[in-house]
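Beneath this line is the structure, given in structure tokens, with notes to follow.
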Amino acid sequence: MKVINVNKLISAGCRVKIWIADWFAQLNNKMGGDLKKIKVVGQYLIEIWKAMGMDLDGKVEFLWSFDEINSQALEYWPLLMDIARRNKLARIKSCYQIMGHSEQDQLSAAQNLYPCMQCADIFFLKADICQLGTDQSEVNMLAREYCDDIKRKNKPIILSHHMLPGLQEGQVKMSKSDPSSSIFMEDEETDVNSKIKKAYCPPKIVEGIIHVWNTSSTSYSHGLMRSRWNAVQKMVVTS
Numbered sequence: 008m009k010v011i012n013v014n015k016l017i018s019a020g021c022r023v024k025i026w027i028a029d030w031f032a033q034l035n036n037k038m039g040g041d042l043k044k045i046k047v048v049g050q051y052l053i054e055i056w057k058a059m060g061m062d063l064d065g066k067v068e069f070l071w072s073f074d075e076i077n078s079q080a081l082e083y084w085p086l087l088m089d090i091a092r093r094n095k096l097a098r099i100k101s102c103y104q105i106m107g108h109s110e111q112d113q114l115s116a117a118q119n120l121y122p123c124m125q126c127a128d129i130f131f132l133k134a135d136i137c138q139l140g141t142d143q144s145e146v147n148m149l150a151r152e153y154c155d156d157i158k159r160k161n162k163p164i165i166l167s168h169h170m171l172p173g174l175q176e177g178q179v180k181m182s183k184s185d186p187s188s189s190i191f192m193e194d195e196e197t198d199v200n201s202k203i204k205k206a207y208c209p210p211k212i213v214e215g216i217i218h219v220w221n222t223s224s225t226s227y228s229h230g231l232m233r234s235r236w237n238a239v240q241k242m243v244v245t246s
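At the far end of the sequence shown sits residue 246, using the numbering used here, and the numbering has no gaps.
Here's what the structure looks like:
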């Protein structure tokens with residue numbers, strides 16, 4: 008989805024900044040909070056996008072949150088603090104979905120900081136258009152509310168894409184924690200075929216069904232991704 012949408016934005020004349028949110032992944036305890044492992048995952052994601060055909064001809068810039076925030080701390084942290092002090096905890100909890108949690112979950116203080124940071128990112132990156140999945144809509148609206156609060160007329164444009172539904176019944180999106188619900192770029196061809204054959208697909212029902220197609224270009228991209236994945240595995244071993 009990201010590759011498709013980024014390429015559409017580029018074809019429309021946009022320049023794209025992709026935020027590799029390594030520090031955010033640490034806040035949300037991904038990879039056990041190990042920043043070194045998280046950075047390898049970030050490199051892996053970049054290789055996925057390259058393999059899937061993202062147009063990188065000088066109009067896409069990859070920025071790592073840890074490096075950018077630390078290098079421009081005097082700009083970033085006052086902005087984040089202003090957003091945090093203008094919002095009640097209940098409003099921040101309403102954004103828990105962006106981290107894959109519900110408002111009822113008991114999260115750490117660091118995780119409560121996460122929505123304020125993601126909101127600050129939009130202004131820190133000077134983004135005119137914010138392109139994320141629909142699961143990030145609450146924090147995107149938080150950014151627009153912040154504009155009202157500070158009397159800023161130019162609000163970020165929110166361009167949301169739908170989530171890929173899971174392969175099993177009732178799954179609104181694919182989940183990496185449930186291998187049966189997702190197709191991973193490093194899956195072998197036999198695994199992909201098996202998952203598709205087992206996917207929820209009752210006869211004569213279209214709504215809620217994930218549509219799968221096969222073309223030579225997607226097969227090529229998957230094969231290319233296999234070679235890139237092998238290279239990333241070597242990076243993990245040697246890092």
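We treat Cβ as the ideally placed atom computed from N, Cα and C, and that holds for glycine.
| Check | Outcome |
| --- | --- |
| Is the CB-CB distance between M170 and T141 below 8 Å? | yes |
| With a 10 Å radius around its C-beta and 16 neighbouring C-beta atoms as the bar for buried, classify W220 as buried or exposed. | Unreliable positioning characterises W220 in this predicted model, as indicated by a pLDDT of 45, which lies under 50. The coordinate reading is nonetheless provided below. Its Cβ having fewer than 16 others within 10 Å, W220 is exposed. |
| Can you give me the Cβ contacts of S223 inside the same chain, cut-off strictly under 8 Å, excluding the 5 residues immediately before and after it? | Reliability of the predicted coordinates at S223 is poor, the pLDDT of 40 falling under 50, and no value is obtained from them. |
| Drop a sphere of 10 angstroms on the beta-carbon of K46, count the other beta-carbons inside from all chains shown, and report buried for 16 or more, exposed for fewer. | buried |
| Could you check where the beta strand (DSSP E) with I212 kicks off and where it finishes? | Taken as a continuous stretch (DSSP letters only), I212 belongs to no beta strand (DSSP E), as it is neither H nor E. |
| Would M61 and N12 qualify as a contact pair, given that the criterion is a beta-carbon distance under 8 Å? | no |
| Count the other CB atoms within 10 Å of the CB of L96; is the residue buried (16 or more) or exposed (fewer)? | exposed |
| How many whole angstroms separate the CB atoms of Q33 and L42, which I take to be in contact at a CB cut-off of 8 Å? | 5 Å |
| Given C102, which residues of its chain have a CB within under 7 Å of its CB, disregarding the five upstream and five downstream residues? | P122, E145, V146 and L149 |
| Does the beta carbon of K133 fall short of 7 Å from some heavy atom of the ligand FMN? | With respect to the ligand FMN, the structure offers nothing, as it holds no ligand at all. |
| Are the beta-carbon atoms of Q118 and N35 separated by less than 8 Å? | yes |
| Among residues of its own chain, excluding the 5 on either side of G40, which ones have a beta-carbon nearer than 7 Å to its beta-carbon? | Q33 |
| Determine the extent of the beta strand (DSSP E) in which L70 is found, giving its start and end residues. | V67 to W71 |
| Have a look at E176 and S188 and give me their C-alpha separation to the nearest angstrom. | 9 Å |
| Is the distance from the Cβ of V10 to the Cβ of K66 below 8 Å? | no |
| On a CA-only basis, which of D128, I129, K100 and A127 is nearest S115? Give me that one, please. | K100 |
| Using a Cβ-Cβ cutoff of less than 6 Å, which residues in the same chain neighbour R93 once the five nearest sequence positions on both sides are dropped? | D156 |
| On the criterion of 16 or more Cβ atoms from any shown chain inside 10 Å, does A28 qualify as buried, or is it exposed? | buried |
| Is it right to say D128 is buried, meaning 16 or more other beta carbons lie within 10 angstroms of its own, or is it exposed? | buried |
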